[in-house]
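Visitor: First residue of the sequence shown? That's 177 in my numbering, and the numbers climb one at a time after it. Ideal placement from N, C-alpha and C gives every residue a C-beta, glycine not left out. Provided herewith is a single structure, encoded as structure tokens, for subsequent inquiry.
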Amino acid sequence: MEKRCARSNAEERWHRCRAVLQRGLELNPGSSCLIQAWGLMELQRGNLWAAVSLLERCASLDSNCRPVLRWHQVQTARKTVGSRSGRGRRSTGQLPEGTQSA
């Protein structure tokens with residue numbers, strides 16, 4: 177994906193990656209691998225709420241994905257999201273737009 181998008185700006189690359197993952201989940205909504213990939217992409221982007229939601233979802237679908245929840249960056253994101261949820265951030269359990277529950 178990176179080579180094909182090299183001429184695009186960074187924001188467009190993220191948008192395209194997100195679109196590919198979203199399309200994959202439309203075709204295979206229960207794919208823990210796709211959900212994990214999307215969560216890790218959101219983590220790289222700094223979208224912590226979406227990242228944590230997606231990574232927790234993939235871990236609940238497939239126990240083989242649970243080790244990602246022990247990664248330092250993921251644990252830090254979970255603590256950050258947890259501390260913000262008490263200050264008016266949405267904590268409804270909703271997943272990021274475009275994701276479907278299995």
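(1) What did DSSP end up calling residue 247 once you bin it into helix, strand or coil?
(2) Could you pull out every residue in the same chain whose Cβ sits closer than 7 Å to the Cβ of residue 231, ignoring the five residues on either side in sequence?
(3) Closest by CA to residue 220, which one among 238, 253, 207, 208?
(4) Between the alpha carbons of residue 185 and residue 260, how many angstroms are there, rounded?
(5) Rounding to the nearest angstrom, what Cα-Cα distance links residue 238 and residue 256 in this structure?
Guide: Let me spell this out:
(1) Here residue 247 sits in coil by DSSP.
(2) Non-local beta-carbon contacts of residue 231 in its own chain, meaning distances under 7 Å to residues more than five positions away in sequence, involve 212, 215, 244, 245, 250 in chain order.
(3) Comparing Cα-Cα distances from residue 220 to each of 238, 253, 207, 208, the minimum goes to 253.
(4) In a straight line, the C-alpha of residue 185 is about 31 Å away from that of residue 260.
(5) Approximately 24 Å between the Cα atoms of the pair.
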